[in-house]
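2 protein chains.
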Amino acid sequence: MEAPSKTLADIGEFALVDALSAVAVPADAVLLGPGDDTAVLRATGLVLASTDVLVEGHHFRREWCAAQDVGHRAAAASMADITAMGGRTTGLLVGFAAPGELPAQWAYDLAAGLAEEAALTGASVVGGDVTAARAVVIAVTALGVLDDSPVTRSGARPGDVVALAGRLGWAAAGLAVLRRGFRSPRALVAAYCRPQPPYESGPAAARAGASAMIDVSDGLVADVGHLARASGVAVDLDTAALVPAEPLVAVSAAYGVDPLHYCLGGGDDHALVATFPTSASVPERWTVIGTVAEGNGVTVDGRPYEGPQGHEHFRVSG
Amino acid sequence: MEAPSKTLADIGEFALVDALSAVAVPADAVLLGPGDDTAVLRATGLVLASTDVLVEGHHFRREWCAAQDVGHRAAAASMADITAMGGRTTGLLVGFAAPGELPAQWAYDLAAGLAEEAALTGASVVGGDVTAARAVVIAVTALGVLDDSPVTRSGARPGDVVALAGRLGWAAAGLAVLRRGFRSPRALVAAYCRPQPPYESGPAAARAGASAMIDVSDGLVADVGHLARASGVAVDLDTAALVPAEPLVAVSAAYGVDPLHYCLGGGDDHALVATFPTSASVPERWTVIGTVAEGNGVTVDGRPYEGPQGHEHFRVSG
Chain A
1 MEAPSKTLAD IGEFALVDAL SAVAVPADAV LLGPGDDTAV LRATGLVLAS TDVLVEGHHF
61 RREWCAAQDV GHRAAAASMA DITAMGGRTT GLLVGFAAPG ELPAQWAYDL AAGLAEEAAL
121 TGASVVGGDV TAARAVVIAV TALGVLDDSP VTRSGARPGD VVALAGRLGW AAAGLAVLRR
181 GFRSPRALVA AYCRPQPPYE SGPAAARAGA SAMIDVSDGL VADVGHLARA SGVAVDLDTA
241 ALVPAEPLVA VSAAYGVDPL HYCLGGGDDH ALVATFPTSA SVPERWTVIG TVAEGNGVTV
301 DGRPYEGPQG HEHFRVSG
Chain B
1001 MEAPSKTLAD IGEFALVDAL SAVAVPADAV LLGPGDDTAV LRATGLVLAS TDVLVEGHHF
1061 RREWCAAQDV GHRAAAASMA DITAMGGRTT GLLVGFAAPG ELPAQWAYDL AAGLAEEAAL
1121 TGASVVGGDV TAARAVVIAV TALGVLDDSP VTRSGARPGD VVALAGRLGW AAAGLAVLRR
1181 GFRSPRALVA AYCRPQPPYE SGPAAARAGA SAMIDVSDGL VADVGHLARA SGVAVDLDTA
1241 ALVPAEPLVA VSAAYGVDPL HYCLGGGDDH ALVATFPTSA SVPERWTVIG TVAEGNGVTV
1301 DGRPYEGPQG HEHFRVSG
């Protein structure tokens, strides 16, 4: 590793690639990791693949989250999608663009965070590309495997229950804290900088017979809306089942916000929402939060939801 | 499709995703394309995966190449890596970041170019992510399958011959033309904007028993250097076998450049270089251009090569 004062321009592309490749310890499914034209992974049957792009200034700020956290966060965004199909991530490919004046240590720490998050599901960084750009851009492609059939967004049927695994609203509240220039409650800031998707809960839902599943990255109401539209059903969410945690309540009181707004409209925790037929038993660590009916759209406690619905890129705000 | 005058900010993320997804006609190997949490592809045995990132201002300029060409070019960069392992691309995932003021039609044309290039190997765009950024960034991950064992960079042995498939120097000469503000010779500009990797030649080399292979993206001497280092051998290239084509000779004469500099130092044509043991017969469309010996490094006509060696990101120039 280089001294922290060196920049990417100091060390150059090829030394950076060598340093980043050294962090990647091939996982079991990986026959060939970084260093050749492509990665080579073992797969028998179906391969899952998903890409997420994080852009500095839009998805993270270097003054808000440490580079290692950004690595965890970038990996988690793609790995959560694999989980939401009922799969397990086996490898990550990382496209990394950055200005030459970026400290090389920032890139090394990013790579460490990516590798650590990948290791949570037994995966590793298997390849990637580095190049110059004015802002830091991180494009992570996660590859995954399945034991069961993929659980899509389109299988929910009237009569199913809607269940949740993982945290809701923590990352959004953490972002609100950071935007006001604060660093605490630290649990919320940590939730924003390093989300904790429930990686085990996706495959568990698939084994239990989940009819549809999605990860919450845009916001609960928005993402349940995607699931409802893909399935051609209506979903009603029951806020009595969404009890905001203590730090959420505290921050909401301080900022004069309904804590449910963070739970219903906030993304970035990468919680999972799944639907289960009544014949299935909802697995451990899943909480029933709603019901599926004929019709379309999402209601909250039987009424249209008027609060913030989540984020859409290119539109105003951010 | 929207009117050409609309921007990404006008139509918003979700409408853009819908429009881009509509271009993606799932190929045979694709069980589930865009629109769910992940793509799902069939694979039995080994999966190849490679990511390349193109950044506006570094890898392309919107005034030099049409959006559809940029799509072809971005897809080709990743697909050439699959070919260089002896594989066939089955699916592309596209991370796309762009400013809100970008005309929506540019994104549609980009998507059309990506889909058309993918179709050359029977592949399709299977997923992706769109987000906002100040400059256009395109991160393409190609997934592929193999009939034979992967042909890595590390299998070249003393006594092997070195062979080339595809064009050399055309894209570099096209870039030189564009940098001087010209648009002709059009064949060279087209070679830069829409490279033509020899997709059939990679699997053909694998079938013929190639011992090592790489695609030329940094420049012939630089990429053969990667192969030589990975294999622990020396390579000598024979310029008598590298006859520059007529438009290259014409442009070189006009610019006072040795045409061999484009052939030996220019990347972006995505030609393939492979080594073959003497027991193998070099397949059709491959030309022998050198020999492998004990030692290390790359020589040209038996001498060290002093010309431009190819591009390294973050360093000076571009």
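Going line by line, the protein sequences match chains A and B. Number 318 marks the last residue of the first sequence (this note's numbering); no jumps. Number 1318 marks the last residue of the second sequence (this note's numbering); no jumps. The beta-carbon is built from N, C-alpha and C at its ideal position, and this holds for glycine as well. Note that this is a predicted model, so its numbers are computed, not measured.
- THR1131 (chain B) counts as buried, since at least 16 other C-beta atoms from the protein chains shown sit within 10 angstroms of its C-beta.
- Contact between THR275 (chain A) and ALA212 (chain A) holds, since their C-beta atoms are separated by about 5 Å, short of 8 Å.
- Fewer than three pairs of CB atoms, one per stretch, sit closer than 8 Å, so the segment 1098-1113 of chain B makes no contact with the segment 129-146 of chain A.
- Among the residues facing chain A, HIS1058 (chain B) is included, as its CB has a counterpart in that chain under 8 Å away.
- With a threshold of 16 other beta carbon atoms within 10 Å, GLY45 (chain A) falls short and is exposed.
- Distance between GLU1306 (chain B) and LEU1237 (chain B), taken at the CA atoms: about 14 Å.
- CA-to-CA, the gap between ALA234 (chain A) and ALA293 (chain A) works out to about 5 Å.
- Here the segment 115-133 of chain A makes contact with the segment 11-29 of chain A; the two share three or more CB pairs at distances below 8 Å.
- Non-local beta-carbon contacts of LEU1120 (chain B) in its own chain, meaning distances under 7 Å to residues more than five positions away in sequence, involve TYR1199 in chain order.
- In the same chain as ALA1112 (chain B), and ignoring 5 residues on each side of it, the C-beta atoms closer than 7 Å to its own belong to VAL1023, GLN1068 and GLY1071, in chain order.
- Proximity of VAL292 (chain A) to chain B, defined by a Cβ-Cβ separation below 8 Å, is not satisfied.
- Around the beta carbon of THR287 (chain A), fewer than 16 other beta carbons lie within 10 angstroms, which makes this residue exposed.
- Here ALA74 (chain A) is buried, its C-beta having at least 16 other C-beta atoms within 10 Å.
- For the C-beta of ARG134 (chain A), the chain B residues within less than 7 Å are, from N- to C-terminus, ARG1134 and ALA1135.
- Under the Cβ criterion of 8 Å, ILE1289 (chain B) is not counted among the residues facing chain A.
- For GLU1056 (chain B), the pairing in a beta bridge is given by DSSP as B:PHE1060.
- With respect to the 8 Å criterion, THR1090 (chain B) and GLY1159 (chain B) are not classified as neighbours on the basis of their beta carbons.
- If you compare the alpha carbons of A:TYR255, A:ARG303, A:SER154 and A:ALA115 with that of GLY1035 (chain B), the shortest gap goes to A:SER154.
- In the DSSP assignment, the residues bridged to VAL1300 (chain B) are B:LEU1237 and B:ARG1303.
- Taken atom to atom, the span from the alpha-carbon of ASP1109 (chain B) to that of ALA1066 (chain B) is near 8 Å.
- Excluding the 5 residues flanking it on each side, ALA1204 (chain B) has same chain C-beta neighbours closer than 7 Å at PRO1283, in chain order.
- The three-state reading of DSSP puts THR131 (chain A) in strand, counting E and B together.
- Selection A:ILE11, A:PRO195 and A:ARG88 evaluated against ALA77 (chain A) yields A:PRO195 as nearest (Cα-Cα).
- In the structure shown, the three-state DSSP call for ASP36 (chain A) is strand.
- The shortest CA-to-CA distance from ARG1088 (chain B) to any of B:ALA1049, B:ALA1107 and B:TRP1064 is the one to B:ALA1049.
- Residue ranges of uninterrupted beta strand (DSSP E) with 3 or more members, entirely inside the segment 201-285 of chain A and ordered along the chain, are 212-216, 234-237 and 271-276.
- Contact between the segment 259-273 of chain A and the segment 167-181 of chain A is present, with at least three C-beta pairs closer than 8 Å.
- By the Cβ-count criterion, GLU56 (chain A) is buried, with 16 or more other Cβ atoms from all chains shown falling within 10 Å of its own Cβ.
- Per DSSP, the continuous beta strand (DSSP E) segment holding LEU93 (chain A) begins and ends at 88-98.
- Sorting B:GLY1225, B:ALA1280 and B:SER1005 by C-alpha distance to the C-alpha of VAL1300 (chain B) places B:GLY1225 at the top.
- Contact of ALA49 (chain A) with chain B is assigned, a C-beta pair being separated by under 8 Å.
- For the segment 1106-1130 of chain B, the set of residues with a beta-carbon nearer than 9 Å to any beta-carbon of chain A comprises VAL1126, GLY1127, GLY1128, ASP1129 and VAL1130, in chain order.
- Distance from the CA of ILE289 (chain A) to the CA of PRO259 (chain A), rounded to the nearest whole angstrom, comes to 16 Å.
- Apart from the 5 residues on each side of it in sequence, LEU1020 (chain B) sits with its Cβ closer than 6 Å to the Cβ of ALA1111 in its chain, given in chain order.
- At the C-beta level, HIS58 (chain A) and ALA1133 (chain B) come within 8 Å of one another.
- For LEU31 (chain A), the three-state secondary structure derived from DSSP is strand.
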